[in-house]
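S.K.: Right, I'll just put the structure down here and ask away after.
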Amino acid sequence: MCGGVPVGATEGERTEPPGPPPGPSPGPPPGPTRPEFWRSPLRGPWLTAVFGLVLLVGITLLFVTGLLSYAAYNPDLARINDQTPDKGWLGFYLFSWPTSPYWLYRLTQGVHVVLGIVLVPVLLAKLWSVIPKLFEWPPVRSVSHGIERLSLLLLVGGAGFEFVTGILNVQLHYIFPGSFYVLHFYGAWVFIGAFVVHVAFRLPRALRAVRAGPAQPQAGTQEAAGLVSPRPAPPTISRRGALGLVGFGSLALLVVTAGQSVGGWWRRTALLAPHGQDPGSGPNGFQINKTAASVGIRPSDVGPAWRLTVRGSGRQVVLTRAELLAMEQHEAALPIACVEGWSTPDQLWSGVRLTDLAALVGRGTDTPQALVESVQRGGSFSSVVLRDNQVRDHRSLLAVRVNGAVLSPDHGYPARVIVPGAPGVHNTKWVTRVTFGEAT
Ligand SMILES: Nc1nc2c(c(=O)[nH]1)N[C@H]1C(S)=C(S)[C@@H](COP(=O)(O)O)O[C@H]1N2
Ligand SMILES: [Mo]
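Throughout the sequence shown, residue numbering follows the working numbering, covering 324 to 763 in sequence.
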């Protein structure tokens, strides 16, 4: 019975000379360009689509909060506010940043930074899930295919660039002084352009794949989208398990970063907080961005010889610290919210209203923008221009005390600006001159 196959047939096959494979295309060279090189049984359209949809929502939110962060700097007011000159029409959407709600920047920038960190595992998982496509063979099939692949270069390169520059910036305190803003801002526009194109092409397929569920389609079919291995290795984890792993990674990052924005007890979980977890205790015991020593503030700059000069409308008033303290003092409970994503809970500041300072030089309800300068020599955060809506807000103070105590040297003694809703960098410390007027 078993001898039904004629022996001669196999013999005959064996003696056939080895010829070239049929067809004109020689097939991909051995290695990663061959679909069977990729053996993970997890890769498939469902997994890629789930990661992709999470990134669609997350990156959209990142982009919007990033644009808001830029607007919050009031870059159209003055060159000293703007780290990205020559932005051209990319600043088309700028608007005057409001002072209410007073926690606005704390929220938008906290979301921007924390979300950027939390999305890292999802981004890596998404890239991993589509690696076989990177080695697609032939590399370029047609002109439109070539353009699509070029856009993927901008997409992957842009994502890598934005995530790496953002994370380096928040972890290492501005390792790109000044230029970070330029890089991150232009990089965001390049990236988002490629992202929009990618979403336009892939969203329908992603939605279909999610609806179809986690069951793998046959390798090589259209539904498989070049992602399913034709020679899968035995699975060591399910697709849902892989999702769970990535989700766990994101959650772990959330726990070790969000504390720096939430504050209070949660600070202790913020292991990745760039400035450490312990800001000290007492009324001045909250996060310090740059210490007085680190930016070269000399004790003599802020000692008895310190003066506050108020200018505007061609007038000038010079105040000693005692004279400043003799003016009407007001209170405002406001947070410090840094571009790095960390923020403090509300602190109770007290000092002189910016409008009262403006009145010293004869400015009333027409109080215009203000140039605020510190004793600091140079450095990108040593001065700022505040917008008229910020100057006029009654919570905007030149603060001399915080939480009932005199400002500590590191929090800006003898006087610092605090403005509701503004980024921390606009809350200039060690202030020595305020100029009200158009020509700032
Ligand atoms: N003169 C001066 N003011 C400054 C800075 C600075 O470097 N120099 N840093 C700013 C930044 S980036 C932030 S986030 C806040 C932080 O204030 P804090 O150190 O009191 O928390 O101060 C701002 N005021
Ligand atoms: Mo900051």
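Backbone N, C-alpha and C fix where the C-beta goes; we use that ideal spot for every residue, glycine too.
Pick helix, strand or coil for arginine 709, following the three-state DSSP scheme.
M.R.: The displayed chain sequence assigns leucine, not arginine, to residue 709. In the structure shown, leucine 709 sits in a strand (DSSP, three-state: E or B).
S.K.: Can a CB atom of chain B be found closer than 8 Å to the CB of valine 437?
M.R.: Protein chain content of the structure displayed is limited to a single chain, and chain B is not contained in it.
S.K.: So, are the CB atoms of alanine 542 and valine 551 less than 8 Å apart?
M.R.: Yes, the Cβ-Cβ distance between alanine 542 and valine 551 is below 8 Å.
S.K.: Can the beta-carbon of phenylalanine 418 be found closer than 8 Å to that of alanine 394?
M.R.: Cβ atoms of phenylalanine 418 and alanine 394: closer than 8 Å.
S.K.: Verify the contact flag: asparagine 492, CB atom, against every heavy atom of ligand 1, threshold strictly below 7 Å.
M.R.: No - ligand 1 has no heavy atom lying nearer than 7 Å to the Cβ of asparagine 492.
S.K.: How about serine 666 and arginine 429: do their beta carbons lie closer than 8 Å?
M.R.: Yes. Within cutoff.
S.K.: For leucine 400, which three-state DSSP category applies?
M.R.: Three-state DSSP puts leucine 400 in coil, outside helix and strand.
S.K.: At what residue ranges does the region 628–693 contain a whole run of the beta strand (DSSP E), taking only runs of 3 or more?
M.R.: Entirely contained in the region 628–693, the beta strand (DSSP E) runs reaching 3 residues are, in chain order, 631–635, 638–642, 653–657 and 670–676.
S.K.: Contact between the region 379–399 and the region 447–467: three or more CB pairs below 8 Å?
M.R.: Touching, no.
S.K.: What are the boundary residues of the alpha helix (DSSP H) that leucine 477 is part of?
M.R.: Note, leucine 477: alpha helix (DSSP H), 466–494.
S.K.: Kindly indicate which three-state DSSP category leucine 720 falls into: helix, strand or coil?
M.R.: Leucine 720: strand per DSSP, three-state reduction.
S.K.: In chain order, which continuous runs of the alpha helix (DSSP H) of length 4 or greater are located wholly inside the region 555–597?
M.R.: Runs of the alpha helix (DSSP H) inside the region 555–597: 562–585.
S.K.: Checking the sheet assignment: what are the DSSP bridge partners for glutamate 696?
M.R.: Partner(s): Ser706 and Arg756.
S.K.: DSSP three-state call for alanine 728: helix, strand or coil?
M.R.: The answer is strand: DSSP assigns alanine 728 an E or B state.
S.K.: Does DSSP put alanine 511 in a helix, a strand or coil?
M.R.: It is helical.
S.K.: State whether the region 572–588 contacts the region 684–692, with contact taken as three or more CB pairs (one from each stretch) at a distance under 8 Å.
M.R.: These segments do not touch.
S.K.: Taking Cβ positions, are valine 742 and serine 719 nearer each other than 8 Å?
M.R.: Yes, these two residues count as a Cβ contact at 8 Å.
S.K.: For ligand 2, is there any heavy atom lying closer than 7 Å to the beta carbon of asparagine 404?
M.R.: Answer for asparagine 404: no, Cβ out of range of ligand 2.
S.K.: For the alpha helix (DSSP H) that isoleucine 741 lies in, which residues bound it at each end?
M.R.: Segment 739–741 is the beta strand (DSSP E) holding isoleucine 741; no alpha helix (DSSP H) there.
S.K.: On the CB-based measure, 16 or more other CB atoms within 10 Å of its CB, does glycine 350 come out buried or exposed?
M.R.: Classification of glycine 350: exposed, given that the 10 Å Cβ count is below 16.
S.K.: Among the residues of its own chain, which have a CB less than 6 Å from the CB of alanine 323, if the five just before and after it don't count?
M.R.: Given that the chain is displayed from residue 324 to residue 763, the structure contains no residue 323 and the question cannot be resolved.
S.K.: Any heavy atom of ligand 1 closer than 7 Å to the beta-carbon of threonine 431?
M.R.: It does not: the Cβ of threonine 431 is nowhere closer than 7 Å to a heavy atom of ligand 1.
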